[in-house]
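Written below as C-alpha cells is the structure these notes are about.
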DNA sequence: ACGTCGGCTTGACGCGCGTCAAGGACGAGA
DNA sequence: TCTCGTCCTTGACGCGCGTCAAGCCGACGT
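Residue numbers (our numbering), protein chains in the order written: chain F, 3 to 237; chain V, 3 to 237.
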C-alpha cells in the first residue's frame, strides 16, 4: 500500500455522499479533524455492541459491515469502498454499533467524531437533505438484503451475478464476461453461505447452461435466467 | 372502529418522530394537507416496486411492512402503530417502495405527499436533526432484523418473547405473564415461518421448562433462557 | 345439544444446506 | 522438478424446517 496523504483523505471526504452539498472549506475542516488509520486485511474496525462515538470513511480499500452469529458464520450486510461511510448511523443516533466492521482488503480509514459531524451540520444546514437522502438509500439497500436472505443460495448467487453483470459485465464473442470481484470463499460469506455450497450452486448454473466458470470470472450466456432466479421466480 | 376526526389525525402527526421538533402550526398545515383513509384488516396500503409519491402515518391500528417471496411467504420487516410513518424512506429518496405494507388490524392512515414534507423541511430546517435520528434508528432496527433472520426458529421466537417480556411482561405468582400480541398464525409469519413450526418451537420451550402456553399468552419461568436463545448463544 | 368451521397441533416425509473428510489444481520457493 | 500450502471441488451424511394430511378443540348459530 502506498503512503496516504492528506489529499487522499480530502478526496475521500469530498466523494462521501453524506455531505454531498457541503462546501470545500467545510470538507477541509472535517479532513483536518480526521484521524487516519491504515488497516491490514481482516483488521476489526468496529465492534458490534460498542458505543459509537466516531465513524469511518473509507479512503482506500474495501471494508465489510457484518454480523457474526454465535456459531461463527458471518452475514455481510454491506461493503463499503472509497468515499463511503460506516458506523455513521449509530454515531448519529448516539447509540451502539449494530454490526461489526472489518477490512476486506488492506484499507485506509479516516475517522470522524460524531461531534465534528454535528458541527458541520450546524455550520451548513443545507447538507441535511443529502444526509437524509443517503440514509434513506441505505435503508432501501438493507431492505433488499432482507429480501435476498429469503432466497435460497442459487437465488442469492444469481441475484449477485445479475447485478454484477449490469455493473461490470463486458460483452465478448462467447457471452457476457463478469468477474466475481472477490475470492470465492469471500463471496460465499457475502452470500451468507460456505464455499462448498457456492461451488455446487455455480456447478448447477453451469449444468443448466446459464454460465461457464473460468477461474475468478464467469461467462454468462443467459442473463435473463439470472434475473429470474434472483428475483425469486426461478425454476 | 369509531369515526376519525381531524383531531385524531393531528394527534398522530404530533406523535410522529420524523418531525419531533416541528411547531404545532407546521403540524396543523401538514394535517390539513393529509388525506385520510380507513383500511380494513389485510388491506394493501403500499406495493413493493411502485413509485412512492406519498407516505402514510398510522393514526390508529397496526400496519405491517413486509416482503412477499415468490412462493407466497411473507417476511415482516417492521410493524407500525399510532404516530409511526411508513413508505417514508422511498418517498424521501424519490424512489420506489422497497417493500409492501398492509393493515394488520383495521387501521386509519393519514397520507402525506413527499412535497408537503419537503415544504415542511424548508420552512423549519431544525426538524432535519430529528428526521436523521429517526432514519438512523430505523436502520439499526432493520439491522437487527437481519441478525434475527440468522437465528433458527426457536431462537427467533425466544428473541421475540424476550423483548416482549421486557415490554409487556406482568409478574404473577406463577411467573412472567406475556401475551403474544397477535394470533399465532400471524406471529408465525412475523417470525418468517409457518404455524406448524411455531407450534413445535413453543412445544419445545415448554418441554424444556422455559415457559407454559395458555391460549394466546405464555407464562415465562426462565427469562434468562429466552435471552440466551434469542441472542444466538442458546443450548 | 348438535353440526361445523377456523385456528391450532401432531406426525410423516422430502429438500436444502451446513459439516466433515478426502481429494484435485495451481502457484511459490528451494 | 519436487514439495508444500492455499484454494477450490466433490461426496456422504445429518439436521432444521417447510409441506401435506390428519386429527383436535373451542366458538359459534339454530
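Virtual Cβ for every residue (Gly too), placed ideally from N, Cα, C. This one's a predicted model, so the numbers in the text were calculated from it and none came from an experiment.
Check                                                                                                                                                             : Outcome
Hey, which unbroken runs of the alpha helix (DSSP H) at 4 residues or more fall wholly within the segment 27–95 of chain F?                                       : 90–95
Taking contact to mean at least 3 C-beta pairs separated by less than 8 Å, is the segment 95–110 of chain V in contact with the segment 49–57 of chain V?         : yes
Which partner residues of residue 238(F) appear in the DSSP bridge assignment?                                                                                    : The requested residue 238(F) is not part of the displayed model; chain F covers only 3 to 237.
Report the start-end ranges of each alpha helix (DSSP H) in the segment 153–179 of chain V that is 4 residues or longer and not cut off at the edges.             : 155–170
Which residues of chain V have a Cβ atom closer than 7 Å to the Cβ of residue 101(F), listed in chain order?                                                      : 145
Please compile the residues from chain V whose C-beta is within a distance smaller than 8 Å of the C-beta of residue 20(F).                                       : Under the 8 Å cutoff, chain V gives no residues; its nearest Cβ is about 10 Å from residue 20(F).
Rounded to the nearest angstrom, what separates residue 227(V) and residue 141(V) at their Cα positions?                                                          : 28 Å
Classify residue 136(F) as helix, strand or coil using the three-state DSSP reduction.                                                                            : helix
So with Cβ pairs under 7 Å, would you call residue 95(V) a contact of chain F?                                                                                    : yes
Counting beta carbon pairs with one atom in the segment 113–123 of chain V and one in the segment 108–122 of chain F, are three or more of them shorter than 8 Å? : no
Thinking C-alpha only, which one of 177(F), 93(F), 188(F) is nearest residue 105(F)?                                                                              : 188(F)
Return the bridge partner residues of residue 98(V) from the DSSP annotation.                                                                                     : 53(V)
Which of the three DSSP states is assigned to residue 210(V) in this structure?                                                                                   : coil
I'd like the span of the beta strand (DSSP E) that includes residue 115(V), first residue to last.                                                                : 109–115
Please identify, using Cβ separations under 7 Å, the residues of the segment 48–71 of chain V that lie next to chain F, in order along the chain.                 : 69, 71
Determine the direct distance from the alpha carbon of residue 212(F) to that of residue 41(V), and round the result to whole angstroms.                          : 45 Å
I want to verify the contact list: residues of chain V whose CB lies under 7 Å from the CB of residue 91(F), in sequence order.                                   : 138, 141, 142
At what residues does the alpha helix (DSSP H) containing residue 191(V) begin and finish?                                                                        : 186–192
Excluding five sequence neighbours on each side, which residues of the same chain lie with their C-beta closer than 6 Å to the C-beta of residue 82(F)?           : 60, 65, 88
Once DSSP output is grouped into helix, strand and coil, what is the label at residue 103(V)?                                                                     : strand
Would you call the segment 174–181 of chain V in contact with the segment 124–134 of chain V, where contact means no fewer than 3 C-beta pairs closer than 8 Å?   : no
Cβ closer than 9 Å: which chain F residues qualify as neighbours of residue 212(V)?                                                                               : In chain order: nothing, as chain F lies at least about 18 Å away.
Return the residues of the segment 143–172 of chain F that lie within a Cβ-Cβ distance of less than 8 Å from chain V, sorted by chain order.                      : 144, 145, 146, 147, 148, 149, 151, 152, 153
Find out if the Cβ-Cβ distance for the pair residue 193(F), residue 158(F) is shorter than 7 Å.                                                                   : yes
Can you tell me which of 208(V), 58(V), 70(V), 204(V) puts its alpha carbon nearest to the alpha carbon of residue 85(V)?                                         : 58(V)
Consult DSSP for residue 197(F) and reduce its assignment to one of helix, strand or coil.                                                                        : helix
Using the Cα positions of residue 78(F) and residue 26(V), report the straight-line distance between them to the nearest angstrom.                                : 43 Å
Taking its Cβ as the centre, do 16 or more other Cβ atoms sit within 10 Å of residue 164(V), making it buried, or is it exposed?                                  : buried
Would you kindly work out how many angstroms separate the C-alpha atoms of residue 150(F) and residue 161(V), rounded to a whole number?                          : 22 Å
Classify residue 33(F) as buried or exposed, calling it buried when 16 or more other Cβ atoms lie within 10 Å of its own Cβ.                                      : buried
Can you find a CB in chain F that lies within less than 7 Å of the CB of residue 28(V)?                                                                           : no
DSSP state of residue 121(V), grouped into three classes?                                                                                                         : helix
Just how far apart, CA to CA, sit residue 196(V) and residue 125(F)?                                                                                              : 52 Å
Looking only at its own chain, which residues have a Cβ that is under 8 Å from the Cβ of residue 35(V), when we skip the five neighbours before and after it?     : 114, 115, 118
Against chain F, does residue 82(V) count as a neighbour if the rule is that its beta carbon must be under 7 Å from one of theirs?                                : no
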